[in-house]
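Participant: Take a look at this one; I'll ask things after.
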Amino acid sequence: MNSFEIYKILKNHFGEVGSWWPKDGPFEVIIGSILTQQSTWTNVEKALQNLKEANVLTPKDIVSLPLNTLKELIKPSGFFNQKAERIRKVSEYLIEKYNGDLDLLFAKDRKNLRDELLQLKGIGKETADSIILYAAEKNEFVVDAYTKRVYSRLKIVEEEIDYENLKNHIIREIPEELLLYQEFHGLIVLLGKNICKKKNPNCKECPLSSKCKFIK
Ligand code: SF4
19 MNSFEIYKIL
29 KNHFGEVGSW
39 WPKDGPFEVI
49 IGSILTQQST
59 WTNVEKALQN
69 LKEANVLTPK
79 DIVSLPLNTL
89 KELIKPSGFF
99 NQKAERIRKV
109 SEYLIEKYNG
119 DLDLLFAKDR
129 KNLRDELLQL
139 KGIGKETADS
149 IILYAAEKNE
159 FVVDAYTKRV
169 YSRLKIVEEE
179 IDYENLKNHI
189 IREIPEELLL
199 YQEFHGLIVL
209 LGKNICKKKN
219 PNCKECPLSS
229 KCKFIK
């Protein structure tokens with residue numbers, strides 16, 4: 019089974035998810051992509067809601083905020099000390115280099131944008147790719163722990179596969195389209211979160227079960 023077949027089966031099962039990443043703007047995506055590190059979406063959404071209610075969703079708002087207040091607001095996402103530092107550093111960088119104007123950053127081509135993001139402390143490959151795919155809206159596929167779990171249980175890849183190899187495996191098998199990249203990632207998140215869970219996967223409810231070699 020190739021990745022495009024998986025995409026079609028998941029889309030048929032879950033329906034249209036479109037550009038599912040919750041966002042009011044590109045800076046919120048950047049914050050969300052940091053908050054989601056080692057966290058669940060439910061908890062990220064609580065933290066984002068706190069930031070929205072406090073009306074601090076621009077780089078300038080973030081740097082004006084006392085660090086302890088920022089930590090309190092993002093506490094639901096876990097690892098809040100580390101994440102607050104990261105969000106603060108990225109915000110400072112965006113102000114210093116782009117006067118807070120994300121359009122200037124996102125005007126770069128995809129490769130240069132990725133290289134630049136990866137140089138920032140606390141921005142790894144998954145975070146950088148999420149920012150490029152959902153905030154800059156460029157064709158950069160994102161893989162995550164859910165993707166690795168599903169693909170390894172389907173015995174398509176080894177469990178130890180690294181980020182770039184998993185990503186390259188998938189992008190070779192799907193059309194290079196922005197909405198499809200966004201949607202496929204969203205469908206895998208839905209599957210991993212609700213059905214192909216870390217413990218006790220619900221294989222009876224899984225649309226991929228007839229093709230899955232995982233021992234149930
Ligand atoms: S059949 Fe089970 S193990 Fe395989 S992908 Fe579905 S939920 Fe995961």
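Each residue of the sequence shown is one higher than the one before, counting from 19 in this note's numbering.
Even for Gly, the Cβ is constructed at its ideal location relative to N, Cα and C.
Predicted, not measured: the structure shown is a model, and the values here were computed from it.
Just to confirm the assignment, what range does the alpha helix (DSSP H) spanning LEU136 have?
Facilitator: Numbered from 1 along the sequence shown, position 118 holds the residue referred to as residue 136. Run containing LEU136: 128–136, per the alpha helix (DSSP H) assignment.
Participant: Taking all protein chains shown into account, do 16 or more other C-beta atoms lie within 10 angstroms of the C-beta of LYS173, making it buried, or fewer, making it exposed?
Facilitator: Here residue 173 refers to the residue found at position 155 when the sequence shown is read from its first residue. Exposed, because fewer than 16 other Cβ atoms sit within 10 Å of the Cβ of LYS173.
Participant: Would you identify the three-state DSSP class for ASN220, choosing helix, strand or coil?
Facilitator: As a first step, residue 220 must be located in the sequence shown, where it is residue number 202. ASN220 falls in the coil class under three-state DSSP.
Participant: Can the beta-carbon of ALA65 be found less than 8 Å from the beta-carbon of PRO94?
Facilitator: On the sequence shown, position 47 is the one that residue 65 refers to. On the sequence shown, position 76 is the one that residue 94 refers to. The answer is yes: Cβ separation under 8 Å.
Participant: Here's a check: name, in chain order, each residue in its chain whose Cβ is nearer than 7 Å to the Cβ of VAL62, leaving out the five neighbours to either side.
Facilitator: Here residue 62 is taken as the residue at index 44 of the sequence shown, counted from 1. Here the set comprises GLY50, LEU53, THR54 and SER95.
Participant: Within the same chain, show all residues whose beta-carbon is closer than 8 Å to that of ASN157, passing over the 5 residues directly before and after it, in chain order.
Facilitator: Numbered from its first residue, the sequence shown carries residue 157 at position 139. Same-chain partners within the cutoff: ARG128, LEU151, GLU194, GLU195, LEU196 and TYR199.
Participant: Below 8 Å on the Cβ atoms is my contact criterion, and I expect VAL81 with ILE113 to pass it. Report the Cβ-Cβ distance as a whole number of Å.
Facilitator: By one-based count along the sequence shown, residue 81 stands at place 63. By one-based count along the sequence shown, residue 113 stands at place 95. Correct: roughly 6 Å between the Cβ atoms.
Participant: With DSSP run on the structure shown, which of helix, strand or coil describes ASN73?
Facilitator: Taking the first residue of the sequence shown as position 1, residue 73 is located at position 55. In this structure, ASN73 counts as coil in the three-state DSSP scheme.
Participant: Near ALA102, which residues of its chain fall below 7 Å by C-beta distance, leaving aside the five closest residues on each side in sequence?
Facilitator: Position 84 of the sequence shown, counting from 1, holds the residue named residue 102. These residues qualify, in order along the chain: LEU85, LEU88, LYS89 and ILE92.
Participant: With a CB to CB cut of under 6 Å and the five nearest residues on each side skipped, what residues in its chain are close to SER170?
Facilitator: One-based indexing of the sequence shown puts residue 170 at position 152. Result list for SER170: GLU177, in chain order.
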